[in-house]
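Trainee:
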Amino acid sequence: MTSLIAIGAGLAVIGAGIGIGLIGGKAMDGIARQPEAAGDIRSGMILMAAFVEGAALIAILLSIFMLQG
Amino acid sequence: MRMLSHRHLIVPLIAVLFSLPLSGWAQHESEEHQEESSHAEATHEGGHAAFDPTATALHHISDANVFTILDFIRIPLPMILYSKDEGLDIFSSGKFHPGEHDNGEYAYHRYVLFEGNVHRIKDPSFPNDLVEIGPHSFSEHIDDQNDEVVYLNYEGTEYQLDPRTTLDNGMFGGKFTSFYDFSITKNVLSMMLVAMLLFWLFRKAALAYSRRSGMAPSGVQSWLEPVFTFIRDEVAIPFIGRDRYLKYLPLLMSLFFFILGLNLFGQIPFLGGTNVTGNLTVTGILAILVFLVVSFSGKKHYWQHIFWMPGVPVFVKPLLAFVEFLGVFIKPITLMLRLAGNIVSGHIAILSFIGLIFIFGKAGESLGGSVVGTLMSVPLTMFMMAIELIVAFVQAFVFTILTASYIGAAIDDGHH
Numbered sequence: 011m012t013s014l015i016a017i018g019a020g021l022a023v024i025g026a027g028i029g030i031g032l033i034g035g036k037a038m039d040g041i042a043r044q045p046e047a048a049g050d051i052r053s054g055m056i057l058m059a060a061f062v063e064g065a066a067l068i069a070i071l072l073s074i075f076m077l078q079g
Numbered sequence: 011m012r013m014l015s016h017r018h019l020i021v022p023l024i025a026v027l028f029s030l031p032l033s034g035w036a037q038h039e040s041e042e043h044q045e046e047s048s049h050a051e052a053t054h055e056g057g058h059a060a061f062d063p064t065a066t067a068l069h070h071i072s073d074a075n076v077f078t079i080l081d082f083i084r085i086p087l088p089m090i091l092y093s094k095d096e097g098l099d100i101f102s103s104g105k106f107h108p109g110e111h112d113n114g115e116y117a118y119h120r121y122v123l124f125e126g127n128v129h130r131i132k133d134p135s136f137p138n139d140l141v142e143i144g145p146h147s148f149s150e151h152i153d154d155q156n157d158e159v160v161y162l163n164y165e166g167t168e169y170q171l172d173p174r175t176t177l178d179n180g181m182f183g184g185k186f187t188s189f190y191d192f193s194i195t196k197n198v199l200s201m202m203l204v205a206m207l208l209f210w211l212f213r214k215a216a217l218a219y220s221r222r223s224g225m226a227p228s229g230v231q232s233w234l235e236p237v238f239t240f241i242r243d244e245v246a247i248p249f250i251g252r253d254r255y256l257k258y259l260p261l262l263m264s265l266f267f268f269i270l271g272l273n274l275f276g277q278i279p280f281l282g283g284t285n286v287t288g289n290l291t292v293t294g295i296l297a298i299l300v301f302l303v304v305s306f307s308g309k310k311h312y313w314q315h316i317f318w319m320p321g322v323p324v325f326v327k328p329l330l331a332f333v334e335f336l337g338v339f340i341k342p343i344t345l346m347l348r349l350a351g352n353i354v355s356g357h358i359a360i361l362s363f364i365g366l367i368f369i370f371g372k373a374g375e376s377l378g379g380s381v382v383g384t385l386m387s388v389p390l391t392m393f394m395m396a397i398e399l400i401v402a403f404v405q406a407f408v409f410t411i412l413t414a415s416y417i418g419a420a421i422d423d424g425h426h
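From first to last, the protein sequence lines are chains A and B.
One gets my numbering by counting positions in the first sequence from 1 and adding 10 to each.
One gets my numbering by counting positions in the second sequence from 1 and adding 10 to each.
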């Protein structure tokens with residue numbers, strides 16, 4: 011059970027990593043194409059990354075709580 | 011044996027002291043594990059847990075009723091306890107005489123201090139007075155439900171302790187107790203200190219603005235002004251709107267500076283290592299605040315989009331209403347989890363890296379292992395602390411920007 015929980019937490023991190031990677035990559039792309047919009051793109055990027063991270067954190071905290079019993 | 015292991019520990023100790031995010035760790039742990047290892051030697055029992063990094067990390071990120079700095083300065087904090095049968099109890103946690111491991115050597119009114127947290131003895135036959143219980147009288151056991159139960163051995167009798175208290179009384183993962191704890195704990199004290207510091211800083215800046223109006227900012231002004239205008243121009247105005255942001259600016263600024271202040275305060279080495287913004291109750295209250303502000307400032311347009319989404323077929327509307335209604339609660343819940351999760355994970359990572367010393371050094375028995383562990387641990391810890399500095403700013407910013415975006419969505423009246 012413990013190892014399953016650990017695998018689940020790891021999977022959640024992989025998912026968030028892919029998501030945040032895509033967001034960051036596309037944001038860099040956008041900034042390179044349109045440097046004058048860098049400020050807007052950056053705050054949008056942080057906002058979206060926070061949303062993705064939120065999903066992963068729910069999974070991780072759930073696994074922590076499950077580990078604690 | 012004891013002297014020898016002390017000498018063996020000097021090198022990792024010095025290294026740990028310079029990379030220590032949470033106080034008292036080094037001495038505390040080394041002594042604890044000496045005891046454990048000598049115990050293992052004495053009993054020759056197999057499978058004895060030499061060093062449990064998980065439990066240690068979790069212990070060191072939790073709240074406490076005594077403010078311990080470097081394991082020898084213990085600042086007693088006020089205890090305000092209420093139980094239904096005994097009524098209100100107000101006293102100083104110095105009455106417990108906290109000693110090694112922040113365990114109290116005295117019991118008072120059936121309250122005891124175990125690992126820095128107040129517990130209550132369930133059995134009413136225990137003397138209801140100030141009683142000396144001695145330094146090594148607590149023992150932990152794992153019960154059927156895999157929960158840790160703590161027992162106090164007093165004059166040959168084992169007394170079971172209540173679980174540690176939480177003000178939320180079990181709502182956020184704590185256990186139900188027979189009493190309520192309203193004490194000024196380490197976290198509460200840190201919040202008060204940070205609030206007073208912020209008040210002092212901003213009062214100073216505000217006075218400077220009125221005194222030096224029209225002149226270039228100076229002193230504390232030049233530190234606060236860029237951050238303040240950044241939040242105003244990049245968070246408040248774009249998300250809430252130029253004509254309405256002023257109403258919500260105080261909330262956003264308070265959230266940002268309060269969270270940032272606590273994040274940074276928790277990272278000062280040797281200073282108690284408070285973990286306030288990593289506490290689910292604290293972030294939960296902040297999130298409830300945001301939830302209330304968003305819900306009460308929600309306009310007709312916002313609620314209509316939740317309960318009866320315009321522009322979609324009628325059969326989709328109930329489904330969307332369900333999802334959107336859940337979203338109303340999921341938004342503050344993710345706010346709560348994100349901040350606490352980020353700060354806690356940072357602290358746990360730092361503690362785990364420091365734990366490498368004790369894992370490699372077999373809790374002080376192997377000098378070579380300790381040196382290897384230290385060589386690995388110090389750079390990793392420094393790297394992690396640098397990351398944590400960035401995270402402190404980013405998470406304060408993210409909390410504020412998300413609050414602003416939720417408020418912006420709530421007060422939007424549809425004229426884009």
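Beta carbons: idealized from backbone N, C-alpha and C, even for Gly.
Everything numeric in this text was worked out from a predicted model, so none of it was measured.
Buried or exposed: where does I70/A fall if 16 or more other Cβ atoms within 10 Å of its Cβ makes it buried?
Mentor: Buried, because 16 or more other Cβ atoms sit within 10 Å of the Cβ of I70/A.
Trainee: Taking the alpha-carbon of S264/B as reference, which of F409/B, R222/B, P63/B and F77/B has the nearest alpha-carbon?
Mentor: For S264/B, the nearest C-alpha among the options comes from F409/B.
Trainee: How do the segment 330 to 338 of chain B and the segment 254 to 270 of chain B stand: do at least 3 beta-carbon pairs fall below 8 Å, yes or no?
Mentor: Not touching, per the Cβ criterion.
Trainee: Where does the unbroken beta strand (DSSP E) through Y121/B begin, and where does it stop?
Mentor: It spans Y121 to F124 - the beta strand (DSSP E) in which Y121/B sits, taken as one unbroken run.
Trainee: Rounded to whole angstroms, what is the Cα-Cα separation between S53/A and S228/B?
Mentor: Whole-angstrom Cα-Cα distance: 29 Å.
Trainee: DSSP three-state call for R213/B: helix, strand or coil?
Mentor: Three-state result, R213/B: helix.
Trainee: When we look at the beta-carbon of E168/B and count the other beta-carbons within 10 Å, is it buried (16 or more) or exposed?
Mentor: Exposed, because fewer than 16 other Cβ atoms sit within 10 Å of the Cβ of E168/B.
Trainee: Just checking my contact of V382/B with F370/B at CB under 8 Å: how many whole Å lie between their CB atoms?
Mentor: About 5 Å separates the two Cβ atoms, so the contact holds.
Trainee: Using the beta-carbon of each residue, which ones in chain A are nearer than 8 Å to I411/B?
Mentor: Chain A residues near I411/B: S53, I56, L57 and A60.
Trainee: Ordered along the chain, which non-local residues of its own chain (more than five positions away) have a Cβ less than 7 Å from that of I28/A?
Mentor: Taken in chain order, the list of residues that qualify is empty.
Trainee: Determine the extent of the alpha helix (DSSP H) in which F240/B is found, giving its start and end residues.
Mentor: Where F240/B is concerned, the enclosing alpha helix (DSSP H) stretches over Q231 to I241.
Trainee: Please return the same chain residues whose Cβ sits closer than 6 Å to the Cβ of A117/B, not counting the five positions on each side in sequence.
Mentor: Excluding sequence neighbours, A117/B sits near V141 and I143.
Trainee: For G365/B and A66/A, I'd like the C-alpha separation in whole angstroms.
Mentor: Going by the C-alpha atoms only, they are around 26 Å apart.
Trainee: Rounded to a whole number of angstroms, what is the C-alpha to C-alpha distance between K196/B and S147/B?
Mentor: Rounded to whole angstroms, K196/B to S147/B spans 24 Å at the Cα level.
Trainee: Determine which residues of the segment 351 to 372 of chain B have a Cβ less than 7 Å from any Cβ of chain A, and write them out in chain order.
Mentor: Flagged, chain order: G351.
Trainee: Can you list, in chain order, the residues of its chain whose CB lies under 8 Å from that of K309/B, leaving out five sequence neighbours each side?
Mentor: Excluding sequence neighbours, K309/B sits near A420, I421, D422 and D423.
Trainee: Apart from the five residues on each side of it in sequence, which residues of its chain come closer than 6 Å, Cβ to Cβ, to A60/A?
Mentor: Closer than 6 Å at Cβ, skipping near neighbours: no residue.
Trainee: Where do the ends of the beta strand (DSSP E) carrying L91/B lie?
Mentor: Start and end: P88 to S93.
Trainee: Among N273/B, H69/B, F306/B and L281/B, whose alpha-carbon lies nearest the alpha-carbon of T293/B?
Mentor: For the residues N273/B, H69/B, F306/B and L281/B, the minimum Cα distance to T293/B belongs to N273/B.
Trainee: Since I believe V76/B is in contact with P108/B (beta carbons under 8 Å), could you give me their beta-carbon distance rounded to a whole number of angstroms?
Mentor: 5 Å between Cβ atoms; contact.
Trainee: Within its chain, find whatever has a CB closer than 7 Å to the CB of N138/B; leave out the 5 residues flanking it on each side and keep chain order.
Mentor: Answer for N138/B: H119 and R120, listed in chain order.
Trainee: Short check: CB of V322/B to CB of I417/B, under 7 Å?
Mentor: Result no, Cβ atoms of V322/B and I417/B do not sit closer than 7 Å.
Trainee: Compare the Cα-Cα distances from S415/B to each of I30/A, G25/A and M58/A and report the closest residue.
Mentor: S415/B has its Cα closest to that of M58/A, out of I30/A, G25/A and M58/A.
Trainee: By Cβ distance, which residues of its chain are closer than 6 Å to Q405/B, with the 5 residues on each side in sequence left out?
Mentor: These residues qualify, in order along the chain: L349 and N352.
Trainee: Is the distance from the Cβ of P63/B to the Cβ of S362/B below 7 Å?
Mentor: Yes. Within cutoff.
Trainee: Give the C-beta separation of I68/A and T344/B to the nearest angstrom, bearing in mind that I take them to be a contact with Cβ-Cβ under 8 Å.
Mentor: Confirmed, about 7 Å.
Trainee: Can you list the residues of chain B that L71/A reaches, using a CB-CB cut of under 7 Å?
Mentor: Simply L347 and G351.
Trainee: Would a C-beta distance cut-off of 7 Å place P86/B and S72/B closer than the cut-off?
Mentor: No.
Trainee: Flag E244/B as yes if its beta-carbon sits less than 7 Å from any beta-carbon of chain A, otherwise no.
Mentor: For E244/B, the answer is yes, since a Cβ of chain A falls inside 7 Å of its Cβ.
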